[in-house]
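Input: a single structure, listed below in structure tokens.
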Amino acid sequence: MAIDRKLIRNGNGWALTINSTILGLLDVNPEVNMVRYNVENDKLIITKSDKTLEKKVVK
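Note that the sequence shown covers residues 3 to 61 in the numbering used here.
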């Protein structure tokens, strides 16, 4: 599956949005999971990380 996406301005850098279809294919819940990205042979590879986000306790 290949999807062309445009980058969006984010502060001094650029961001890539990931739609819910792709998140579902990766089994990523953005409120719990982190993603890992690697660059190999001029390709950006995004995978689900083994790490999870810590929940912040609101007092």
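Where is the CB? At the ideal position from N, CA and C, for every residue including glycine.
Take I10, set aside five residues on each side of it, and the residues of its chain with a beta-carbon closer than 6 Å to its own are A17, in chain order. Spatial neighbours of M36 in its own chain (CB-CB distance under 7 Å, excluding positions within 5 residues in sequence) are listed in chain order as S51, K53, T54 and L55. For L25, the CB contacts under 8 Å within the same chain, skipping 5 residues up- and downstream, are N31 and P32 in chain order. For L18, the secondary structure class from DSSP, reduced to helix, strand or coil, is coil.
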